[in-house]
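Structure first, then comments.
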Amino acid sequence: MAKSAVNQLTATVRTETGKGASRRARRAGKIPAVLYGHGTEPQHLELPGHDFAAVLRHSGTNAVLTLDIAGKEQLALTKALDLHPIRRTIQHADLLVVRRGEKVTVEVTVVVEGDPAPGTLVTQETNAIEIEAEALSIPEQLVVSVEGAEAGTQFTAGQIPLPKGISLVSDPETLVVNVVTAPTAEDLEGEAAAEEAETAEAEEAGAPEATAEESE
6 MAKSAVNQLT ATVRTETGKG ASRRARRAGK IPAVLYGHGT EPQHLELPGH
56 DFAAVLRHSG TNAVLTLDIA GKEQLALTKA LDLHPIRRTI QHADLLVVRR
106 GEKVTVEVTV VVEGDPAPGT LVTQETNAIE IEAEALSIPE QLVVSVEGAE
156 AGTQFTAGQI PLPKGISLVS DPETLVVNVV TAPTAEDLEG EAAAEEAETA
206 EAEEAGAPEA TAEESE
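Our numbering puts the first residue of the sequence shown at 6, with every later residue one more than the last.
Here's what the structure looks like:
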């Protein structure tokens, strides 16, 4: 389960907003954030950048945060993150107010485990599915076992085992994992030869015709 008990962060209320204020906050090692939900007025906050990044790294984006805002405890989920396009550092966070016992809809990563039957290949068609769970009982991941699975075996979202108290939101017919016959060396060589032939034909079709002078 998500390690909510240790995800404690001290958040400070932002007294100024805007791009300039956000840049100053980031230079000071803080992450600008907005906390909203349950009909409350959006609250502009600053989170400790290093600590917040550590929580996401160790517990995932579905981890419940225990925020200390001016001495008052507030539970929250990370709803969205704005990342720098190059450095991939967190620029801004949207946080959703949650309450103990409340059910929320979140995306959870699907992990494939086990060894399928010899001569098969496993392809994962969907990396995450939506579930509904109590805010404090969100699983870090869901597991699909392909142990001994034969070619032609498929696992849909509706076939993934869910912990007690958790329900599926995604379409149960969504294909998550597909077990197929592994290509042979001859198959791969044939595909490579076909690609080379197509490339040669394309180059030949695109080559300019020789002029009269060139042909003399």
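Note that beta-carbon positions come from the ideal geometry of N, C-alpha and C, so glycine has one too. Computed from a prediction, not measured in an experiment: that's the story for all the values here.
Counting C-beta neighbours from all protein chains within 10 Å, is the total for residue i 16 or more, i.e. buried, or is it exposed?
| i | result |
| --- | --- |
| Pro-168 | exposed |
| Lys-24 | exposed |
| Ile-134 | buried |
| Leu-126 | exposed |
| Ser-172 | exposed |
| Asn-67 | buried |
| Leu-80 | buried |
| Ala-190 | exposed |
| Lys-77 | exposed |
| Val-60 | buried |
| Ile-136 | buried |
Quick one: what's got a C-beta closer than 7 Å to residue i's C-beta in the same chain, skipping five residues either side?
| i | result |
| --- | --- |
| Thr-45 | Val-102 |
Here's a check: name, in chain order, each residue in its chain whose Cβ is nearer than 6 Å to the Cβ of residue i, leaving out the five neighbours to either side.
| i | result |
| --- | --- |
| Ala-38 | Leu-50, Leu-52, Ala-98 and Leu-100 |
| Thr-158 | Val-184 |
Can you tell me whether residue i is helix, strand or coil according to DSSP?
| i | result |
| --- | --- |
| Val-69 | strand |
| Lys-169 | coil |
| Val-181 | strand |
| Glu-55 | Reading off the sequence shown, one finds His at residue 55, where the question assumed Glu. Of the three classes helix, strand and coil, the one that applies to His-55 here is helix, per DSSP. |
| Val-39 | strand |
| Glu-221 | For Glu-221, the predicted structure reports a pLDDT of 47, less than 50, and the residue's modelled location is therefore unreliable. The matter cannot be settled from this model. |
| Thr-186 | strand |
| Ser-175 | coil |
Go through its chain and collect everything with a Cβ distance to residue i's Cβ below 8 Å, but skip five positions before and after it.
| i | result |
| --- | --- |
| Arg-19 | Ala-26, Ala-30, Pro-37, His-49, Leu-50 and Glu-51 |
| Leu-222 | Nothing can be reported for residue 222, as the shown portion of the chain is limited to 6 through 221. |
Look at residue i and residue j and say whether their C-beta atoms are less than 7 Å apart.
| i | j | result |
| --- | --- | --- |
| Val-113 | Leu-147 | yes |
| Val-184 | Ala-154 | yes |
Runs of beta strand (DSSP E) lying entirely within the segment 90–135, each at least 3 residues, in chain order: For the segment 90–135, whole beta strand (DSSP E) runs of length 3 or above, ordered along the chain, are 95–102, 108–118 and 125–129.
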